[in-house]
Each structure stands twice: as C-alpha cells, then as structure tokens.
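**Q** In terms of the UniProt record's numbering, the sequence shown has 147 at position 147, counting the first letter as 1, and numbering is strictly consecutive. Don't be surprised by glycine CBs; every beta carbon is placed ideally from N, CA and C.
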Amino acid sequence: MDQVTRPTRTRRTAEDRRRQLIGIGLRMLTTRPIHDITVDDVAAQAGIARSLLFHYFPTKQDFYVEVVRAAGRRMLRATRVDPDAPGPQRLRAIVEGYIAFLTRRRSQYVGLFRAGGQGDWVRAVHDETQTALTERTLDALGLAEPDEVTELAVRAWWAFTEELTIEWTGRGRTDHDALVELLLSTLDGLVRR
Numbered sequence: 001m002d003q004v005t006r007p008t009r010t011r012r013t014a015e016d017r018r019r020q021l022i023g024i025g026l027r028m029l030t031t032r033p034i035h036d037i038t039v040d041d042v043a044a045q046a047g048i049a050r051s052l053l054f055h056y057f058p059t060k061q062d063f064y065v066e067v068v069r070a071a072g073r074r075m076l077r078a079t080r081v082d083p084d085a086p087g088p089q090r091l092r093a094i095v096e097g098y099i100a101f102l103t104r105r106r107s108q109y110v111g112l113f114r115a116g117g118q119g120d121w122v123r124a125v126h127d128e129t130q131t132a133l134t135e136r137t138l139d140a141l142g143l144a145e146p147d148e149v150t151e152l153a154v155r156a157w158w159a160f161t162e163e164l165t166i167e168w169t170g171r172g173r174t175d176h177d178a179l180v181e182l183l184l185s186t187l188d189g190l191v192r193r
C-alpha cells in the first residue's frame, strides 16, 4: 500500500497567530465595514476553529480594536519620514503621505471613523492616531516643548486636514499638490501667530 504523505503543519507562535488574524482583518477591512467582519470568516481564512480566535482575543471587540489600531499604524507608516531631513521637507512628506493614504483608503476611512454609531473604542483609536500625527508634526516644526496653545492649534489643524482631504478627494479633485500647499500654508499661519 502506498502511504499518502500529508504536509506537516507548522504550529504558529501566539504572536505570529495574532499577527495573522489581524492581517486577515485588515485585508477584510479594505472591502467591508469593521462590523461586517465576522469571526467565522476570519477563522475560516486562517484555517482555525472559530473558538481559537477567542484564545488570542478575549472578545470580538478586542479583535476589532486591534484591527483598527493596525490600520492606524499603517497610516502612521505612510507618514513616516527621514528624521534627519530638514523640518520643511519632513512636514511636506508627512502631509503628502497622509493625503496619499486617505486617497487610497478614503471610503474605508470614512466608514470606520465617520460612520454613526461607532463605539468609544473607535474614537479612542482615532485619538491615538491624531496624537501621534500631532507629535510628529510638532517635531518636524522643531517644537520639542510647544506651549499649550500651539499644541492645540496643531491638533486642530490635523482635524482640519482630515476634513479637507476627505472633502477634496470626495469631490474628485486630483490636484494633490494644491491641497498640500493649502494645508502647509494654513499650518504655517497657525504656528507663526
């Protein structure tokens, strides 16, 4: 009798499995709202039992939070710049990266952060991301210890940047250089007050 050889399964580490599950959630997030991502679908794609997902994430919401955090980290990676570059060059790269990211992921971003009925956890993740963008911007401006008003102004500028970018791209405008210039000149006016 011939023996059938089966491929050996490699057991994943807990961290590797978590990354895999979050990655599956991120891929699904590009085509559907977060609350339409089911545990059954994620488990099926991962080739695991549904109950095993809860070994890595205590609740479905915990899984959702980690997927949304990972999406936020992707946006932050899109705005990462060379720390040795001059400040104005870093600012431009941050804004260009942000616009490029929102242009590619506009509908998903709007669906995630702008849809009604989102829980406090979505707002908390959005807030974490906005804080990181604010800190990155203050650093590029050379303001290691800004006064409270300047910090608030830069944070508000990010809210403005988000709104304007969503509206700009939603109206089909493709002149991103004009948007970059408008945003940078607005920021300059805020910090030069």
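Buried or exposed: where does Val-149 fall if 16 or more other Cβ atoms within 10 Å of its Cβ makes it buried?
**A** exposed
**Q** Three-state secondary structure (DSSP) at Thr-30?
**A** coil
**Q** Please classify Glu-167: is it buried, with 16 or more other beta-carbons within 10 angstroms of its beta-carbon, or exposed?
**A** exposed
**Q** Decide if Leu-52 is buried, meaning its Cβ has at least 16 other Cβ atoms within 10 Å, or exposed.
**A** exposed
**Q** Would you identify the three-state DSSP class for Leu-76, choosing helix, strand or coil?
**A** helix
**Q** State whether the region 94 to 110 contacts the region 75 to 85, with contact taken as three or more CB pairs (one from each stretch) at a distance under 8 Å.
**A** A contact exists between the region 94 to 110 and the region 75 to 85.
**Q** Would you report the Cα separation of Gly-87 and Ile-37, rounded to the nearest angstrom?
**A** 40 Å
**Q** Considering only residues of the region 120 to 170, which uninterrupted alpha helix (DSSP H) runs meet the minimum length of 4 residues and lie entirely inside it, listed in chain order?
**A** 120 to 140, 148 to 170
**Q** Select from Ile-94, Gly-23, Leu-21, Pro-33 the residue whose C-alpha is nearest the C-alpha of Gln-130.
**A** Ile-94
**Q** Using beta-carbon positions only, say whether Arg-50 and Asp-40 come within less than 7 Å of one another.
**A** Using a Cβ distance threshold of 7 Å, Arg-50 and Asp-40 count as a contacting pair.
**Q** Do the region 136 to 156 and the region 183 to 192 make contact, defined as three or more Cβ pairs closer than 8 Å?
**A** yes
**Q** What residues in its chain sit with their C-beta under 8 Å from that of Leu-138, if we drop five residues either side in the sequence?
**A** Ala-144, Pro-146, Thr-150, Glu-151, Val-154
**Q** Consult DSSP for Ala-85 and reduce its assignment to one of helix, strand or coil.
**A** Reduced to three states, the DSSP call for Ala-85 is coil.
**Q** Within the continuous alpha helix (DSSP H) that includes Thr-59, where are the two ends?
**A** Thr-59 -> no alpha helix (DSSP H), and no H or E assigned at all.
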